[in-house]
Amino acid sequence: MIQYIAIILFVLGLYGLLVNRNSIKMIISLNIMEIGLNLFIISIGFVYDGIAPIITSSAGSGGLIFVDPLPQALVLTAIVIGVGTTALALAIAKSIYVKHNSFDLNEVEETV
Amino acid sequence: MFDIISLVIGVLLLVIAFLAINSKKLIQAVLFLSALSMLSVVAFVMMKAPDVAITEAVIGSGLVTSLFVFTLLSVRKGETK
Amino acid sequence: MKNLFALFGSLLLALGIILALNNNTLFPSFGEADLTERVSGEYLTQDEIDALGSANIVTSIVVGYRGFDTLGEVTVLFISSLGVALLLGTSAKQKRLELNFKPNFMLRVGSRALFGFILLTGIYIILHGHLTPGGGFPGGVMIASAILLLYLADDQFRAKIKGFKILESISGSLYVIVGLLGMLLATYFLQNFLPVGTAGDLLSAGVIPVIYILIGLKVGSEISGIIDNFLTEEEAK
Amino acid sequence: MSAILLIAVPLLAAFLSIISKKIAPYLLLLVGLFNLVLLFFIPEGFVIIGGFSQPLGINLLFDFFAKIALFLVNALVLAISFLNIKTYGKYSSILLVALAGLNGLLLTNDLFNLFVFLEIAGIAAYLISTSNKKPTHTFHYLVLGAVGSSLYLFGLIILYAMFGSLNMVNLIEKIQLSGNYKNLILPFLLMFIGLGVEAKLLPFNSWVKGILGKSNTLTGPIFASVYAATIGFVLGRLINNLFMFEGSLLTVIIVILSVGILIGEAMAFASTKTREILLYSSIAQASIIALLFTNGIVIWAVYLIIANALSKLVLFLVINKAAEDTGSDEIESLQGLFSKNMLVGITFTLASLSVMGLPLLAGFVIKLNFLTELATSNQIVLIAIILISTLVEGIYFVRMLIKLWYKGENEVSVKYTLSFKIVFVVIALALLVFGTYSTPLDKLDNSVDTIQEVVNNG
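This is how it looks when you write it as structure tokens:
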């Protein structure tokens, strides 16, 4: 279920990029896409009845079912990369605003 | 139980994502994005990914939202002048 | 009309992807991933856990097995903070962005008190990254958000950006140097060269906590730098 | 000496360089030189990171393919940064990170690691493109780049879910065992489209016009030669070893690429601006390179990348310098550019003739060889497309050259410094030498082995 939702979220992000010409809205759509992708990555590692991959007792991991830890590590990386891109995109959007006094790319391109 | 919660969260995620894309005011869209991120944290916790949930809560819904708001703030001021 | 068409097309794309994944015989359905067929099955064996000594397996993957990715990830943040500074901080004279409200005395003092608590939480999360969920990235961002609180509560406040730059540079360089030390003292880049200890103790997992502290410092200073850049503007002429 | 230093040293230098802005440019030159020297001393083979065995940890693969690519990229970055050190000194830290990212892209043997380096190189590219001072184009590029890398990540995650590994060599073994190609169409298509953004392939290459059409002496060569070459090599490695397109997917990809070639050449033909002609020509070239890789003609695709990177470096440097000095890049306003600068004119002519593929130049040998290889595999349609594109290329390049050589009414005065001229002459000589004396190229043919052989040999 969540897997399908994640794919639809990803596609909704693409849809947002298609219909919006406002730079802030486009960055928001990019973020929605990223959230969808992250949910999808986590969902492929999920196991019913599995527990979080942290060893709590000294007994070790014998006999316990864990969820897949690797996708979680990948998502950690992907989230941080997403923040880097978002911050940069916002800075560029701000410099567009400073230059053209608008966030709307349609208006900006007309005045160039 | 898992299915019911995931259904509720899934529908909420989609509705909020749609609202974030289609809302007219930028600040509303930013807040919807923050809510979306917070809901995804719940989904991460459900899928047994506490590390990701913490990171997404701090970075995704905290830091990113504040960056968006700051960008909008700095611009609002310019408009009034 | 055009929007509706785009929405319809996107949903069709989603349907296509879902159908393709459903028909894919090798793609496991939701909740039925078989870890024994994946690499991660090996990460969870007792031998591997003892070899790294980290109780949090995600941490041992992020900093240990895929430590090189994490170095790249830190670089992404580094370059984006560099870029934000390049784009927004063009002139030498920068002043604080004026807020719409005037913070009163209580807010100022209260936020100073909270600052300490948030800072401590951040440090705790970084130090316990190999035992509990969390680690250098969320911890570093928490430290940065403590500084963000000061920015919001006091409209005169500005952190010493030059100091952050140096901290960022030193912690980043130390990360690479730790990697190179691994090459010198052990055989390979980023290899562990400290005693591992038993999984679950605070002083365990060899080089992992060291790297997480460096990452925490670096991320904290980078995000603070980004926040400062967003909250300042050029001096009005 | 290990290949990891090629990535670690630029990163270390980048982290150190932000303390003092003054030393950053010199650090960049130093690191570039260091990397070039280091390349002679690195033994070929797998490079293990962190001491974890093959599928568990990340490792790098330093084979002959990577070696050629690394030599080219490091040398080009060194040359470009040497030429721009005075004007664009503040981009040195970013160039250092870009160098680390590009080297990582060429070396890595792990699909997710490739994604991380793609993002590093991509973000560095967005930042370098801000030196054009056109934030809207940079924003457009950033959005497309982010979508592309998301698609790539989506594809590789599906692959991980199917085969449980991210290591390229390990993954190839598992894919060969599975044998069912139908399951692989979706992930491969997603990854190919994702990489296609940076590689200037058809669906998502609309950023190129904004970025290269307004480029300067830094961004022009960086995007048209360094990034194009790197992504070409990466795409080649993936297409040849991982994707191995088959059946209906192969047809779709070939049609996309052929349309890309034809559209690129047509747009170049229709344009009157020198920079646009060059950038559309490089879009077409990128598609030709990808087409060669899909047809398994590895070695000549590699040479095409190298020749293309070298000639595009000269072309963009000459034009962008002229455009900077005169303020326009219309062919009309640059008329008579070479009547004062004979030497630059000759090197520019040689480079553009090499792109066209005229005899005596490297481009000719390469084009002749890959056309014969295509002929032996009976790809008549593709040969026809490439010949048509060569013809169109010939027309618009000759048209441009004639305009640039003959004096117009207006005096055009552009001064090229000595360092520019040295680079031009060296590259032009290289193109001439390899065009007339191509035996070393044929010899190298046998020593480029693919990961395929590494897999088979264990």
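Chains as they are written, first to last, in the working numbering: chain A, 428 to 539; chain B, 2 to 82; chain C, 2 to 238; chain D, 56 to 513. C-beta atoms are modelled at their ideal positions from N, C-alpha and C, and glycine is treated no differently. None of these values were measured; they are calculated from a predicted model.
Q. Can you give the Cα-Cα distance for D:LYS264 and C:ASN230, rounded to whole angstroms?
A. For this step, residue 264 of chain D is matched to residue 209 along the fourth sequence. For this step, residue 230 of chain C is matched to residue 229 along the third sequence. When rounded, the distance between both Cα atoms is 30 Å.
Q: Quick one: give me the first and last residue of the alpha helix (DSSP H) that D:PHE101 is part of.
A: For the purposes of this step, residue 101 of chain D is identified with residue 46 of the fourth sequence, where counting begins at 1. Run containing D:PHE101: none in the alpha helix (DSSP H); it sits in the beta strand (DSSP E), 100-103.
Q.
With a threshold of 8 Å between beta carbons, is B:SER67 in contact with chain A?
A. By 1-based counting over the second sequence, the position of residue 67 of chain B is 66. Not an interface residue.
Q. Just how far apart, CA to CA, sit C:SER222 and D:ALA130?
A. Taking the first residue of the third sequence as 1, we reach residue 222 of chain C at position 221. Taking the first residue of the fourth sequence as 1, we reach residue 130 of chain D at position 75. So the alpha carbons of these two residues sit roughly 34 Å apart.
Q: Using beta-carbon positions only, say whether D:GLU448 and D:VAL410 come within less than 8 Å of one another.
A: Taking the first residue of the fourth sequence as 1, we reach residue 448 of chain D at position 393. Taking the first residue of the fourth sequence as 1, we reach residue 410 of chain D at position 355. Going by C-beta atoms, D:GLU448 is nearer than 8 Å to D:VAL410.
Q.
Can you pull the chain C neighbours of D:GLU174, defined as C-beta to C-beta under 7 Å?
A. The sequence position of residue 174 of chain D within the fourth sequence is 119, counting from 1. Neighbours of D:GLU174 on chain C, chain order: VAL77.
Q) Which residues, in order along the region 447-479 of chain A, keep a beta-carbon less than 7 Å from a beta-carbon of chain C? A) SER470, ILE471, GLY472, PHE473, VAL474, TYR475
Q: Tell me, to the nearest whole angstrom, how far the beta carbon of D:VAL128 is from that of D:GLY87; I am working on the premise that it is less than 8 Å.
A: Here the question's residue 128 of chain D lines up with position 73 in the fourth sequence. Here the question's residue 87 of chain D lines up with position 32 in the fourth sequence. Rounded, the Cβ-Cβ distance is 10 Å, inconsistent with contact.
Q.
Just verifying my parser: in three-state terms, what is the DSSP assignment at C:THR133?
A. Here residue 133 of chain C refers to the residue found at position 132 when the third sequence is read from its first residue. Coil, per DSSP.
Q) Apart from the five residues just before and just after D:ALA69, which ones in its own chain have a Cβ nearer than 6 Å to its Cβ? A) Here residue 69 of chain D refers to the residue found at position 14 of the fourth sequence. These residues qualify, in order along the chain: SER148, LEU151, VAL152.
Q | Proximal chain B residues relative to C:GLY136, where beta-carbon distance stays under 9 Å | A | For this step, residue 136 of chain C is matched to residue 135 along the third sequence. ASP52, ILE55, THR56, listed in chain order.
**Q.** Which of helix, strand or coil DSSP assigns to D:ASN350
**A.** For the purposes of this step, residue 350 of chain D is taken as the residue at position 295 of the fourth sequence. Coil.
Q: Spell out whether any CB of chain C is found under 8 Å from the CB atom of B:ILE60.
A: What you label residue 60 of chain B is simply residue 59 of the second sequence in a count that begins at 1. By this cut-off, B:ILE60 is an interface position.
Q) What residues in its chain sit with their C-beta under 7 Å from that of C:LEU153, if we drop five residues either side in the sequence? A) Counted from its first residue, the third sequence places residue 153 of chain C at position 152. Nothing meets the Cβ criterion.
(Q) Considering just the uninterrupted stretch of the beta strand (DSSP E) at A:PHE473, what are its terminal residues? (A) The residue labelled residue 473 of chain A in the question sits at position 46 within the first sequence. Taken as a continuous stretch (DSSP letters only), A:PHE473 belongs to no beta strand (DSSP E), as it is neither H nor E.
Q.
I'd like the list of long-range same chain contacts for B:ALA44, defined as Cβ closer than 7 Å, with 5 residues on each side in sequence excluded.
A. Here residue 44 of chain B corresponds to residue number 43 of the second sequence, with the count starting at 1. Correct list, in chain order: ILE10.
Q: Drop a sphere of 10 angstroms on the beta-carbon of D:LEU160, count the other beta-carbons inside from all chains shown, and report buried for 16 or more, exposed for fewer.
A: Along the fourth sequence, one-based indexing puts residue 160 of chain D at 105. The residue is buried, with at least 16 neighbouring Cβ atoms inside 10 Å.
Q) According to the Cβ coordinates, are C:ALA21 and D:LEU241 closer than 8 Å? A) Position 20 of the third sequence, counted from the first residue, corresponds to residue 21 of chain C. Position 186 of the fourth sequence, counted from the first residue, corresponds to residue 241 of chain D. Cβ atoms of C:ALA21 and D:LEU241: closer than 8 Å.
Q | A:LEU501 vs D:PHE167 beta-carbon contact at 8 Å | A | Working through the first sequence from its first residue, we reach residue 501 of chain A at position 74. Working through the fourth sequence from its first residue, we reach residue 167 of chain D at position 112. Yes.
(Q) To the nearest angstrom, how far is the alpha carbon of C:LEU191 from that of D:PRO258? (A) By 1-based counting over the third sequence, the position of residue 191 of chain C is 190. By 1-based counting over the fourth sequence, the position of residue 258 of chain D is 203. The alpha-carbon atoms of C:LEU191 and D:PRO258 are separated by roughly 39 Å.
Q: Could you tell me whether any Cβ in chain C is nearer than 8 Å to the Cβ of A:SER529?
A: Your numbering for residue 529 of chain A matches position 102 in the first sequence. Judged by the 8 Å Cβ criterion, A:SER529 is not in contact with chain C.
(Q) Bridge partners for A:ILE481 per DSSP, in chain order? (A) For the purposes of this step, residue 481 of chain A is identified with residue 54 of the first sequence, where counting begins at 1. Answer is C:ASN57.
Q | Test: A:ILE434 CB closer than 8 Å to a CB of chain B | A | Position 7 of the first sequence holds residue 434 of chain A. No, A:ILE434 lies away from the interface with chain B (no Cβ there is under 8 Å from its Cβ).
Q.
Quick test of your reading: D:TYR358 and D:ILE421, contact by CB under 8 Å. State the CB separation rounded to the nearest angstrom.
A. Along the fourth sequence, one-based indexing puts residue 358 of chain D at 303. Along the fourth sequence, one-based indexing puts residue 421 of chain D at 366. Indeed they touch by this definition, with Cβ atoms about 5 Å apart.
Q.
Is it buried or exposed, A:ILE429, if we count other Cβ atoms within 10 angstroms and call 16 or more buried?
A. What you label residue 429 of chain A is simply residue 2 of the first sequence in a count that begins at 1. Result: buried.
Q) Of all Cβ atoms in chain B, is any one closer than 8 Å to the Cβ of C:ILE80? A) As a working note, residue 80 of chain C is residue 79 in the third sequence. C:ILE80 does not count as touching chain B.
Q: Would you decide whether C:VAL59 is buried or exposed? Buried here means 16 or more other CB atoms lie within 10 Å of its CB.
A: As a position in the third sequence, residue 59 of chain C is number 58, starting the count at 1. Answer is buried; the Cβ neighbour count reaches 16.
Q.
Against chain B, with Cβ distances strictly below 8 Å, would C:SER249 count as a contact?
A. Here chain C has residues from 2 to 238 only, and residue 249 of chain C is not among them.
Q: Tell me whether D:ALA439 is buried or exposed, calling it buried when 16 or more other Cβ atoms sit within 10 Å of its Cβ.
A: Looking up residue 439 of chain D in the fourth sequence gives position 384. Counting Cβ neighbours within 10 Å, D:ALA439 comes out exposed, since fewer than 16 surround it.
Q) At what residues does the beta strand (DSSP E) containing D:PHE117 begin and finish? A) Residue 117 of chain D sits at position 62 when you count from the first residue of the fourth sequence. Segment 114-117, the beta strand (DSSP E) holding D:PHE117.
Q: Measure how close the beta-carbons of D:LEU197 and A:LEU515 come, nearest whole angstrom, since I'm counting them as under 8 Å.
A: Within the fourth sequence, residue 197 of chain D is the residue found at index 142, counting from 1. Within the first sequence, residue 515 of chain A is the residue found at index 88, counting from 1. Indeed they touch by this definition, with Cβ atoms about 7 Å apart.
Q: Quick one: measure Cβ to Cβ for D:THR329 and D:LEU372, integer angstroms, because I've assumed they're closer than 8 Å.
A: Along the fourth sequence, read from residue 1 onward, the residue named residue 329 of chain D stands at position 274. Along the fourth sequence, read from residue 1 onward, the residue named residue 372 of chain D stands at position 317. The Cβ separation is near 12 Å, so there is no contact.
Q. Between C:ILE209 and C:HIS131, which are expected to be in contact by the criterion C-beta below 8 Å, what is the C-beta distance as a whole number of angstroms?
A. Walking along the third sequence from the start, residue 209 of chain C turns up at place 208. Walking along the third sequence from the start, residue 131 of chain C turns up at place 130. Contact flag correct, Cβ pair sits at about 5 Å.
Q) Taking the alpha-carbon positions, what's the C:ASP35 to A:ASP495 distance? A) Taking the third sequence and counting its residues from 1, one reaches residue 35 of chain C at position 34. Taking the first sequence and counting its residues from 1, one reaches residue 495 of chain A at position 68. Going by the C-alpha atoms only, they are around 9 Å apart.
(Q) Taking only three categories from DSSP, how would you classify D:PHE300? (A) Counted from its first residue, the fourth sequence places residue 300 of chain D at position 245. D:PHE300 falls in the coil class under three-state DSSP.
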